[in-house]
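S.K.: Once you've had a glance at the structure underneath, I'll fire off some questions.
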Amino acid sequence: MNLLGLQTLFVKEVRRFLRVPGQTLLSPLITTSLYFLVFGWSLGSRIQEVDGVPYARFILPGLVVLGVITNAYLNSASSLFVMKLQGTVVDLLVSPLSYAEILGAFVAAAVARGMLVGGIMWIVGSLFTGFGVAHPVLALALLVAVAAGFAALGFLTATWAGSFEQVNFLPTFVVTPLTFLGGVFYSASMAPPALRWLTRSNPIYYLVETLRWSVTGRADAPPEAGFAVAAVLAVGALLAAYGVLRSGWRLRG
Amino acid sequence: MPGPVVRLRGVSKRYGDFTALDRVDLDVEQGEILALLGPNGAGKTTLISIVAGLVRASAGEATVLGRDVVRDYRFTRRAVGLVPQEVNFDPFFSVEETLHFQAGYFGVRLGTERLEEILQALELTEKRHANTRSLSGGMKRRLLIGKALVHEPRVLFLDEPTAGVDVRLRQQLWAYVRRLRARGTTIVLTTHYLEEAEALADRVAVIDRGRILLVEGKDRLLDRQGGKTLRISLTAPIAALPGALRALGARLEEGGGAIDVDAPPSGSFGPALAALAEAGLPVGDVETRRARLEDVFVSILGGGAGKETP
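Residue numbers (this note's numbering), protein chains in the order written: chain U, 1 to 253; chain R, 1 to 310.
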């Protein structure tokens with residue numbers, strides 16, 4: 001195993017996102033603060049509680065899931081895509097790094113960014129809601145699996161993509177709508193029947209609900225469902241990304 | 001005697017209906033500089049890329065130091081350095097960081113001494129902390145060479161290494177390539193400039209339409225395929241050649257203002273000069289010209305290739 005190679009690529013990828021903290025860390029911090037100002041603080045004073053949980057505390061897990069997903073995805077997607085664009089992907093392809101080492105380093109760095117952003121969002125949100133977490137280890141495990149799955153999806157997308165527009169397609173047109181319709185701001189059981197059906201057909205809803213259960217101890221869906229979705233997503237996306245990398249599609253001639 | 005550093009046997013590469021490489025056999029010997037010459041799209045970069053691991057062959061076998069480039073990729077890639085044709089750079093990092101990262105990918109910790117040597121040899125010491133985005137085109141190209149050398153490869157592939165580099169720097173890079181060779185690094189070079197191959201190469205491989213047409217020692221090739229020409233410029237044009245010069249194969253050029261006499265590389269112009277003196281022609285100037293690699297290259301490709309060989 002090329003341990004130094006794996007470690008080098010991981011460190012390089014982490015330094016890359018730390019070089020642009022305004023874009024990678026500050027931006028989600030501001031966005032989360034705004035969500036809490038608008039939804040948690042001003043609106044929350046009218047909504048009071050959902051399923052027995054204060055509204056600001058109710059929306060925090062969903063926002064953290066959104067932050068983790070988006071940042072893990074964008075880290076591997078934008079990094080690999082820029083490497084393709086700049087031609088520096090050649091540096092990796094001629095190196096003795098194995099496919100698993102390349103993918104492992106990209107995914108680990110993307111998970112690091114996702115967890116860092118998720119952690120910042122959680123700290124900012126908790127200033128409004130309190131810092132208690134019912135099941136911290138399970139919450140962490142869920143988020144790491146979710147981040148790894150979306151990091152692998154980002155890697156896959158960047159392999160396929162020919163433009164930045166294609167890289168941004170998944171977060172803009174798939175992840176954000178699914179997350180917002182995944183019960184971040186509302187409880188499915190309180191929604192009208194059509195929206196309830198739509199919400200419960202959405203896999204991201206189960207991730208949000210399971211994290212909500214991990215943080216508050218209460219949820220609208222069985223927590224096992226979220227862990228199952230996260231596990232299937234992580235394993236499926238990692239295997240798909242590994243297979244595509246190994247095939248050389250769009251990377252090796 | 002050790003076997004070739006790089007060996008290709010029956011290597012083909014097809015992209016759909018297009019054949020980029022067609023059953024190529026080639027050996028690159030330890031410590032030599034081999035120039036790979038061919039016109040646009042001849043397959044030079046594809047060939048290099050297969051050995052370096054960037055492209056997968058459709059058929060055949062490529063080995064480095066006797067190990068298969070696919071099955072034993074960790075071994076062969078540690079033995080190979082590639083300077084790609086396209087300039088690339090990572091805009092997030094400095095020159096020094098870039099070199100450290102590249103070494104790390106190869107499982108090597110870049111020591112201070114080695115780092116200093118590379119920076120000095122490529123005249124990048126002053127730019128070591130500069131972001132790669134701020135480097136000039138020539139500096140970026142030198143950084144590519146530095147990246148290819150960080151893991152001290154046994155064989156270095158230079159794909160158009162001096163394209164866009166000024167004359168002074170080109171001379172320095174040539175000197176550095178010679179130093180690398182003197183230290184035992186085997187070098188395979190494709191180049192835009194035939195004079196580069198002429199100045200550096202020990203052997204020349206000519207490739208066209210995916211097939212190797214010829215592999216031969218440069219000097220031997222020039223001797224065999226080349227020759228030399230004596231040009232006698234006259235101060236006043238003449239209507240016809242004297243019989244003695246015609247018998248030596250001389251020909252009139254420039255509307256009768258010059259006479260050319262061809263000879264093999266080891267031949268003598270003595271008889272032609274004697275015949276010239278005997279004829280008492282009004283001689284203005286005499287010069288000889290040896291055939292250059294460019295002439296040989298054009299003649300091998302049937303006159304269809306220009307000077308460019310990317």
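From the three backbone atoms N, C-alpha and C, an ideal C-beta is built for every residue, glycine too.
Note that this is a predicted model, so its numbers are computed, not measured.
Considering only the alpha carbon of each residue, which of Phe39(U), Val65(U), Leu170(U) and Gln23(U) lies closest to Ile204(U)?
M.R.: In the first sequence, residue 204(U) corresponds to position 204, counting from 1. Out of Phe39(U), Val65(U), Leu170(U) and Gln23(U), Val65(U) has the C-alpha closest to the C-alpha of Ile204(U).
S.K.: Going by the CB atoms, is the gap between Asp202(R) and Thr229(R) shorter than 8 Å?
M.R.: By one-based count along the second sequence, residue 229(R) stands at place 229. By one-based count along the second sequence, residue 202(R) stands at place 202. No, the pair does not count as a contact, with Cβ atoms beyond the cut-off.
S.K.: From Ala79(R) to Gly104(R), what does the alpha carbon distance come to, in whole angstroms?
M.R.: Position 79 of the second sequence holds residue 79(R). Position 104 of the second sequence holds residue 104(R). In a straight line, the C-alpha of Ala79(R) is about 15 Å away from that of Gly104(R).
S.K.: Using a Cβ cut-off of 8 Å, pull out every chain U residue sitting near Pro264(R), in sequence order please.
M.R.: Working through the second sequence from its first residue, we reach residue 264(R) at position 264. Neighbours of Pro264(R) on chain U: none; closest Cβ ~44 Å, over 8 Å.
S.K.: Smallest Cα separation from Gly257(R): which of Ala247(R), Ala240(R) and Gly249(R)?
M.R.: The residue labelled residue 257(R) in the question sits at position 257 within the second sequence. Minimum Cα distance to Gly257(R) is reached at Ala240(R).
S.K.: Within the chosen definition, does the region 168–178 of chain U reach the region 101–112 of chain U through at least 3 CB pairs nearer than 8 Å?
M.R.: Output reads no: the region 101–112 of chain U does not touch the region 168–178 of chain U.
S.K.: Quick check: the region 180–198 of chain R against the region 16–23 of chain R, are at least 3 beta-carbon pairs closer than 8 Å?
M.R.: No, the region 16–23 of chain R is not in contact with the region 180–198 of chain R.
S.K.: For a cutoff of 8 Å on Cβ pairs, would you count Pro84(R) as touching chain U?
M.R.: Residue 84(R) sits at position 84 when you count from the first residue of the second sequence. Interface residue, yes.
S.K.: Let me check one thing: in DSSP terms, what residues is Lys13(R) bridge-paired to?
M.R.: Within the second sequence, numbered from 1, the residue matching residue 13(R) stands at position 13. In DSSP, Lys13(R) forms a bridge with Leu21(R).
S.K.: Any beta carbon from chain R within less than 8 Å of Arg252(U)'s own beta carbon?
M.R.: For the purposes of this step, residue 252(U) is identified with residue 252 of the first sequence, where counting begins at 1. Chain R, which has a Cβ nearer than 8 Å to the Cβ of Arg252(U), makes this yes.
S.K.: Would you say the beta carbon of Pro242(R) is closer than 7 Å to some non-hydrogen atom of the ligand PLP?
M.R.: Absent from the structure shown: the ligand PLP. Ligands present: none.
S.K.: What separation, rounded to the nearest whole angstrom, lies between the Cα atoms of Ser69(U) and Met115(U)?
M.R.: Position 69 of the first sequence holds residue 69(U). Position 115 of the first sequence holds residue 115(U). With the sequence shown as reference, residue 69(U) is identified as Ile, and Ser is not the correct amino acid for it. Near 9 Å, if we compare the C-alpha coordinates of Met115(U) and Ile69(U).
S.K.: Excluding the 5 residues preceding and the 5 following Arg16(U) in the sequence, name in chain order all residues of the same chain whose CB lies nearer than 7 Å to its CB.
M.R.: Your numbering for residue 16(U) matches position 16 in the first sequence. Ser79.
S.K.: Mapping DSSP to helix, strand and coil, what is Ala32(R)?
M.R.: Within the second sequence, residue 32(R) is the residue found at index 32, counting from 1. According to the sequence shown, residue 32(R) is Glu rather than Ala. In this structure, Glu32(R) counts as coil in the three-state DSSP scheme.
S.K.: What first and last residue would you give for the beta strand (DSSP E) that runs through Glu253(R)?
M.R.: For this step, residue 253(R) is matched to residue 253 along the second sequence. Its beta strand (DSSP E) spans residues Arg251 to Glu253.
S.K.: Please confirm whether Val90(U) has its beta-carbon closer than 8 Å to some beta-carbon of chain R.
M.R.: Locating residue 90(U) in the first sequence gives position 90, where the first residue counts as 1. Val90(U) counts as touching chain R.
S.K.: Rounded to whole angstroms, how far is the Cβ of Thr312(R) from the Cβ of Leu143(R), which I believe are closer than 8 Å?
M.R.: What is shown of chain R runs 1 to 310, which leaves residue 312(R) out entirely.
S.K.: Give the straight-line distance between the Cα atoms of Glu196(R) and Gly248(U), rounded to the nearest whole angstrom.
M.R.: The count along the second sequence starts at 1 and reaches residue 196(R) at position 196. The count along the first sequence starts at 1 and reaches residue 248(U) at position 248. Between Glu196(R) and Gly248(U), the C-alpha separation is close to 34 Å.
S.K.: Nearest-angstrom Cα distance between Leu97(U) and Asn2(U)?
M.R.: As a working mapping, residue 97(U) is identified with position 97 in the first sequence. As a working mapping, residue 2(U) is identified with position 2 in the first sequence. Whole-angstrom Cα-Cα distance: 6 Å.
S.K.: Are Pro154(R) and Val5(R) close, meaning C-beta to C-beta below 8 Å?
M.R.: Here residue 154(R) is taken as the residue at index 154 of the second sequence, counted from 1. Here residue 5(R) is taken as the residue at index 5 of the second sequence, counted from 1. According to the sequence provided, residue 154(R) is Arg. The question's Pro does not apply to it. Yes, Cβ-Cβ distance for Arg154(R) and Val5(R) is below 8 Å.
S.K.: When you check each C-beta in the region 102–116 of chain R against every C-beta of chain U, which residues fall closer than 9 Å?
M.R.: Residues Gln102, Ala103, Gly104, Tyr105, Phe106, Gly107, Val108 and Arg109.
S.K.: Is Ser214(U) helix, strand or coil when you go by DSSP?
M.R.: The residue you call residue 214(U) lines up with position 214 of the first sequence. Here Ser214(U) sits in helix by DSSP.
S.K.: Within a Cβ cutoff of 6 Å, which residues of the same chain sit near Leu82(R), ignoring the five residues on either side of it in sequence?
M.R.: Residue mapping note: residue 82(R) aligns to position 82 of the second sequence, counting from 1. These residues qualify, in order along the chain: Ala52, Ala148 and Phe157.
S.K.: Counting only Cβ-Cβ distances shorter than 9 Å, please list the residues of the region 88–113 of chain U near chain R, keeping chain order.
M.R.: Taking 9 Å as the Cβ-Cβ cut-off against chain R, the residues of the region 88–113 of chain U that qualify are Thr88, Val89, Val90, Asp91, Leu92, Leu93, Val94, Ser95, Pro96, Leu97 and Ser98.
S.K.: List the residues of chain R whose Cβ lies closer than 7 Å to the Cβ of Lys84(U), in chain order.
M.R.: For this step, residue 84(U) is matched to residue 84 along the first sequence. Residues of chain R passing the Cβ test: none, with the nearest at roughly 10 Å.
S.K.: Can you tell me the Cα-Cα spacing of Pro310(R) and Leu37(R), whole angstroms?
M.R.: In the second sequence, the residue the question calls residue 310(R) occupies position 310. In the second sequence, the residue the question calls residue 37(R) occupies position 37. In this prediction, Pro310(R) has a pLDDT of 42, which is less than 50 and means its spatial position is unreliable; nothing more can be read from the coordinates.
S.K.: Could you work out which residues of chain U lie near Leu54(R), taking near to mean beta carbons separated by less than 7 Å?
M.R.: Residue 54(R) sits at position 54 when you count from the first residue of the second sequence. Going along chain U in sequence order, the residues near Leu54(R) (Cβ under 7 Å) are Val90, Leu93, Val94, Arg252 and Gly253.
S.K.: When you compare the CB positions of Gly182(U) and Ala237(U), do they come within less than 8 Å of one another, or not?
M.R.: As a position in the first sequence, residue 182(U) is number 182, starting the count at 1. As a position in the first sequence, residue 237(U) is number 237, starting the count at 1. It is not a contact, given that the beta carbons lie outside the stated cut-off.
S.K.: For Gly304(R), does the count of other Cβ atoms within 10 angstroms reach 16, so buried, or fall short, so exposed?
M.R.: The count along the second sequence starts at 1 and reaches residue 304(R) at position 304. Bear in mind that a pLDDT of 46 at Gly304(R), under 50, signals an unreliable position, so the model cannot answer this.
S.K.: Taking 8 Å as the threshold (C-beta atoms), are Ala275(R) and Ala236(R) in contact?
M.R.: The count along the second sequence starts at 1 and reaches residue 236(R) at position 236. The count along the second sequence starts at 1 and reaches residue 275(R) at position 275. Against a cut-off of 8 Å, the Cβ pair of Ala275(R) and Ala236(R) comes out as no contact.
S.K.: Does Glu49(U) come out as helix, strand or coil in the three-state DSSP assignment?
M.R.: Counting from 1 along the first sequence, the entry for residue 49(U) is found at position 49. Reduced to three states, the DSSP call for Glu49(U) is strand.
S.K.: Just tell me which of Arg218(U), Leu245(U) and Leu233(U) has its CA closest to the CA of Val53(U).
M.R.: Position 53 of the first sequence, counting from 1, holds the residue named residue 53(U). For the residues Arg218(U), Leu245(U) and Leu233(U), the minimum Cα distance to Val53(U) belongs to Arg218(U).
S.K.: Taking 8 Å as the threshold (beta carbon to beta carbon), is Thr8(U) in contact with chain R?
M.R.: As a position in the first sequence, residue 8(U) is number 8, starting the count at 1. Thr8(U) counts as touching chain R.
S.K.: Could you tell me whether any Cβ in chain U is nearer than 8 Å to the Cβ of Thr309(R)?
M.R.: By one-based count along the second sequence, residue 309(R) stands at place 309. Bear in mind that the predicted position of Thr309(R) carries a pLDDT of just 43, short of 50, making it unreliable; the figure below should be weighed with that in mind. Chain U contact via Cβ: absent.
S.K.: Using a Cβ cut-off of 8 Å (strictly closer), state whether Thr19(R) contacts chain U.
M.R.: To locate residue 19(R), count along the second sequence from 1; it is residue 19. With 8 Å as the cut-off, Thr19(R) does not count as an interface residue toward chain U.
S.K.: Tell me which same chain residues have a C-beta within less than 7 Å of the C-beta of Tyr242(U), skipping the five on either side of it?
M.R.: Counted from its first residue, the first sequence places residue 242(U) at position 242. Correct list, in chain order: Tyr99, Ala100 and Leu103.
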